[in-house]
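Reminder that position 283 of the sequence shown reads as 283 in full-length UniProt numbering, one-by-one numbering, no gaps.
Ideal Cβ placement from N, Cα and C applies to all residues, glycine included.
Here the structure comes first, spelled out in structure tokens, and everything after it is commentary.
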Amino acid sequence: MTGWRTSLAVLAGLAFAGEAEAGQDRTEPAAAARSGSVVVYEPAFFAGVQPNTALDMIERLPGFAFDSGGDVRGLSGAQGNVLIDGQRPASKSEDLDAVIRRIPAASVLRIEVIRGGAPGIDMQGAPVVANIIRRQNHALEGAMEAGVERHDDGRWAGELGFSASRSLSDDRRLEVAGEVYRYVDEDAGDGTRARRDASGDLLRLSDADQTGGGDGGKLTAAWRQPLGGGTLSANALASTERYDWRLDERISVPAAARSRIDETEEDSDIELGGTWERPLSRGRLEIIGLQRLGWETVNSESATERFDSDQTSGESIGRISLSRRLGERLTLDGGLEGAFNWQEGSARSEEDGVVIDLPSSNVRVEERRAELFGTAAWRPSDRLSVEAGLRLETSSLTQDGDAAADRTLTYAKPRLIAVWTPAPSSQWRFRVEREAGQLSFSDFITSASLDTDQISAGNADLRPAIKWVFEGVYERRFWTDGVASLTVFHEAIEDAIDRVPIVSGSEVFDAPGNIGDAERRVAQLRVSAPLARLGLQGGLLKTFVEWAHTEATDPTTGERRRMSGYNPFEAEVAFTHDLTARGLRWGVTAYFGSPYRQYRFDEVAEEMTDPWWSTFIEWKAHPNTTVTLEAENLTGRRYRLDRTLYDGPRDLNPVSRIEQRRESFGPWIGLKLRRTLG
Numbered sequence: 001m002t003g004w005r006t007s008l009a010v011l012a013g014l015a016f017a018g019e020a021e022a023g024q025d026r027t028e029p030a031a032a033a034r035s036g037s038v039v040v041y042e043p044a045f046f047a048g049v050q051p052n053t054a055l056d057m058i059e060r061l062p063g064f065a066f067d068s069g070g071d072v073r074g075l076s077g078a079q080g081n082v083l084i085d086g087q088r089p090a091s092k093s094e095d096l097d098a099v100i101r102r103i104p105a106a107s108v109l110r111i112e113v114i115r116g117g118a119p120g121i122d123m124q125g126a127p128v129v130a131n132i133i134r135r136q137n138h139a140l141e142g143a144m145e146a147g148v149e150r151h152d153d154g155r156w157a158g159e160l161g162f163s164a165s166r167s168l169s170d171d172r173r174l175e176v177a178g179e180v181y182r183y184v185d186e187d188a189g190d191g192t193r194a195r196r197d198a199s200g201d202l203l204r205l206s207d208a209d210q211t212g213g214g215d216g217g218k219l220t221a222a223w224r225q226p227l228g229g230g231t232l233s234a235n236a237l238a239s240t241e242r243y244d245w246r247l248d249e250r251i252s253v254p255a256a257a258r259s260r261i262d263e264t265e266e267d268s269d270i271e272l273g274g275t276w277e278r279p280l281s282r283g284r285l286e287i288i289g290l291q292r293l294g295w296e297t298v299n300s301e302s303a304t305e306r307f308d309s310d311q312t313s314g315e316s317i318g319r320i321s322l323s324r325r326l327g328e329r330l331t332l333d334g335g336l337e338g339a340f341n342w343q344e345g346s347a348r349s350e351e352d353g354v355v356i357d358l359p360s361s362n363v364r365v366e367e368r369r370a371e372l373f374g375t376a377a378w379r380p381s382d383r384l385s386v387e388a389g390l391r392l393e394t395s396s397l398t399q400d401g402d403a404a405a406d407r408t409l410t411y412a413k414p415r416l417i418a419v420w421t422p423a424p425s426s427q428w429r430f431r432v433e434r435e436a437g438q439l440s441f442s443d444f445i446t447s448a449s450l451d452t453d454q455i456s457a458g459n460a461d462l463r464p465a466i467k468w469v470f471e472g473v474y475e476r477r478f479w480t481d482g483v484a485s486l487t488v489f490h491e492a493i494e495d496a497i498d499r500v501p502i503v504s505g506s507e508v509f510d511a512p513g514n515i516g517d518a519e520r521r522v523a524q525l526r527v528s529a530p531l532a533r534l535g536l537q538g539g540l541l542k543t544f545v546e547w548a549h550t551e552a553t554d555p556t557t558g559e560r561r562r563m564s565g566y567n568p569f570e571a572e573v574a575f576t577h578d579l580t581a582r583g584l585r586w587g588v589t590a591y592f593g594s595p596y597r598q599y600r601f602d603e604v605a606e607e608m609t610d611p612w613w614s615t616f617i618e619w620k621a622h623p624n625t626t627v628t629l630e631a632e633n634l635t636g637r638r639y640r641l642d643r644t645l646y647d648g649p650r651d652l653n654p655v656s657r658i659e660q661r662r663e664s665f666g667p668w669i670g671l672k673l674r675r676t677l678g
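This is the structure:
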């Protein structure tokens, strides 16, 4: 609990600093204007930081924490907290930050930050939303980017991309973008691997050399035009990527030998989406459609083992919503969403030429889901807004193949959000919500790792995790455009997903599965502090710190423990300095994390990675041309993995062996060139 007290003390200090300024002018920074719950930022506000893209501008908004979207079921809450011209992109395959990055900063007319809601804005449960309003420019706009990276082991990587958009008239717009790239896997490092018995005697020792990386490409297009008294926005995406990984081991104990594993993974995706929106006299009508298809193949091979997997997936979503304003302070919103998701896959494993019988190795999973939702957004005053909503979901899950299952799930998902702004310099936000997690259909199909000698069985009985979320946020503005916020939330989780044993014949396999009730308590501190008051004009220090406590009942031992894969502590500190007169910008970023654990029925693993340091310097060579030199992983961070393995279930069997891996990853440098058009 020390971290919680520390964050409260820091925020209290900032609050005191804010009170000391109470008698001073608390107006918004230049080029920012406030109207009720909306703060408008004009391009002049960002002039001092020389942004290249709309994403650069979003990242400099005071007090705004960008969210690319949550891992929840359906479209509501899964599309992030940034709108473009009042709409969310109808895409689930492409990250929201990639969409925003394609918008040149020169194309942005203004950015509106809405806290608690505003007429005509669908908040979708987000307490704060940013709305990027673009200029109506009939000239061709866009950008071209090229980059190259040099890694410490001599490998090269790079990228080449373009984006272009043009308004063919005041209400018709075409956008296209594409990229090709080659990358190096920064997590594939070199080091040593040791295996010991329970008493500590050395059984195996090797030097390991990993190399990983691949290439890919992506093409997107978007079109917008009037249709039927409203506006139609359509988008398309096609992407493909290949990843190759190799492990070479030089074994010295018990005897000199060599070992090698090769793995190849290929992924391809296609997506078509569209949104039709029509304004009504006191509201709006919106219809969204989305279709996705995906293919994935994995092939792993060593001298004695082989694993192959093929998976195909699809998702179809339709959503219709109707909103109506009942006066200036009350808005009602309701609608219906339906989805059909499916995935089929096969897995095959061999050892010394003998096929291993795997559970759930040939499976097709289908989900049909319908959701009815309604929301009321009420602003009783300029200082208070309240949103109450209810979503009723019913879904059927069917599984055919090696493991058959058929079940129907029904959930009620209420939500209550309140935003109180007692003064222009402070705001309180509260949220109570019941959420249903998104199932990964890949968890229904068996997979394997030759590197760790693990098989993860598919689980036909997997159910979505359900959680009640209780969240409170206090946000305080200081030094005109400085912001600090403290977020505290508690998650009470039902059917939490972790790792469970699966019995197949005489074999026991590890698998993802539901382990009953769990809880997660988190405190997050965010501070964005401009340093002009301290004598460093153009300096900005941004800090994010998170403390997390998780607790669940181990399905093997029955004891209370942390949930698998959750990091108890992480922090990121970023310093940037804008030298506008010289056309320069530079910065340093550091990321810190604590050890975290993975629990399996016959294993406990702990992982730890050293801090990651990076730096960059950006030169505005021309108003339309930017050159960036960056260096990543400056200290060559190290990675530690300690695995304790048992002869069987941990509650009944002794330790069989202990594996220790120590790896390091070298630094790399990169050079990027970006030129905007129009």
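Check                                                                                                          : Outcome
Closest Cα partner of S449 within the set P51, A404, R246, E94                                                 : R246
Extent of the continuous beta strand (DSSP E) run through L293                                                 : 283-301
Unbroken stretches of the beta strand (DSSP E), 3 residues or longer, contained in the stretch 595-650         : 596-600, 603-609, 612-622, 625-632, 638-646
Where Q427 falls, given that 16 or more other Cβ within 10 Å makes a residue buried                            : buried
As assigned by DSSP and simplified to three states, the class of L232                                          : strand
Anticipated Cβ contact below 8 Å, E387 with I417, distance rounded                                             : 4 Å
Which of helix, strand or coil DSSP assigns to P29                                                             : Reliability fails at P29, whose pLDDT of 47 lies under 50, so the model's placement of it is uncertain and no value is given.
Residue of A143, E186, Q598 minimising C-alpha distance to R150                                                : E186
Extent of the continuous alpha helix (DSSP H) run through V49                                                  : Neither: V49 is in no alpha helix (DSSP H) and is coded neither H nor E.
Alpha-carbon spacing of A300 relative to T452, whole angstroms                                                 : Correcting the residue identity first, residue 300 is Ser in this sequence and not Ala. Straight-line Cα distance between these residues: approximately 12 Å.
Own chain, CB closer than 6 Å to T410, minus 5 neighbours either side, in chain order                          : T394
Contact check, T580 vs Q50, beta carbons under 8 Å                                                             : yes
C-alpha distance - L280 paired with N131, whole-angstrom precision                                             : 21 Å
Residues near D215 in its chain [Cβ-Cβ closer than 8 Å; skip 5 each side]                                      : V180, Y181, R182, Y183, E241, R242
Proximity below 8 Å, CB of S440 to CB of R477                                                                  : no
Whole beta strand (DSSP E) elements within the stretch 301-357, 3-residue minimum                              : 305-325, 330-351, 354-356
Through-space distance from G482 to A30, alpha-carbon basis                                                    : Interpretation of A30 is limited by its pLDDT of 48, a score under 50 that renders its predicted location unreliable; no figure is taken from the coordinates.
Range covered by the beta strand (DSSP E) that runs through residue 679                                        : No statement about residue 679 is possible, as the shown extent of the chain runs from 1 to 678 and does not include it.
P514 to L629 span [Cα, whole Å]                                                                                : Position check: residue 514 holds Asn in this sequence, whereas Pro was assumed. Their backbone Cα atoms lie some 46 Å apart in a straight line.
A90 versus D67 - alpha carbon distance                                                                         : 16 Å
3-residue-minimum beta strand (DSSP E) runs that sit fully inside the stretch 101-160, ordered along the chain : 108-115, 128-134, 141-151
Option in R196, E632, S381, I617 with minimal Cα separation from T626                                          : I617
Residue nearest to R643 in terms of C-alpha spacing, selected from Q598, L671, G678, I669                      : Q598
Stretch-stretch touch, CB-based, cutoff 8 Å, three pairs: the stretch 299-319 with the stretch 332-352         : yes
Closest residue to A221 among G230, R110, R675, G273 (Cα-Cα distance)                                          : G273
Assigned exposure category for W156 - 16 Cβ within 10 Å defines buried                                         : exposed
R561 beta carbon less than 8 Å from that of A552                                                               : yes
R292 versus R250: straight-line alpha-carbon distance, rounded                                                 : 44 Å
Contacting residues, own chain, Cβ-Cβ under 6 Å from E471 (five flanking each side not counted)                : R431, F489
Span separating the alpha-carbon of T446 from that of E351                                                     : 16 Å
Exposure label - P62; buried when at least 16 CB within 10 Å                                                   : buried
Own chain, CB closer than 8 Å to I466, minus 5 neighbours either side, in chain order                          : Y411, R434, E435, A436, G437, I493, E494, D495
Classification of T609 by the beta-carbon crowding that lies within 10 angstroms, buried from 16 upward        : buried
N- and C-terminal bounds of the beta strand (DSSP E) containing E570                                           : 569-579
Cβ pair Q40, R101 closer than 8 Å                                                                              : As written in the sequence, residue 40 is Val, which differs from the Gln given in the question. Cβ distance not < 8 Å, so V40 and R101 don't count as in contact.
Distance, E271 Cα to S238 Cα                                                                                   : Inspection of the sequence shows that residue 238 is occupied by Ala rather than by Ser. Cα to Cα, the separation comes out at about 7 Å.
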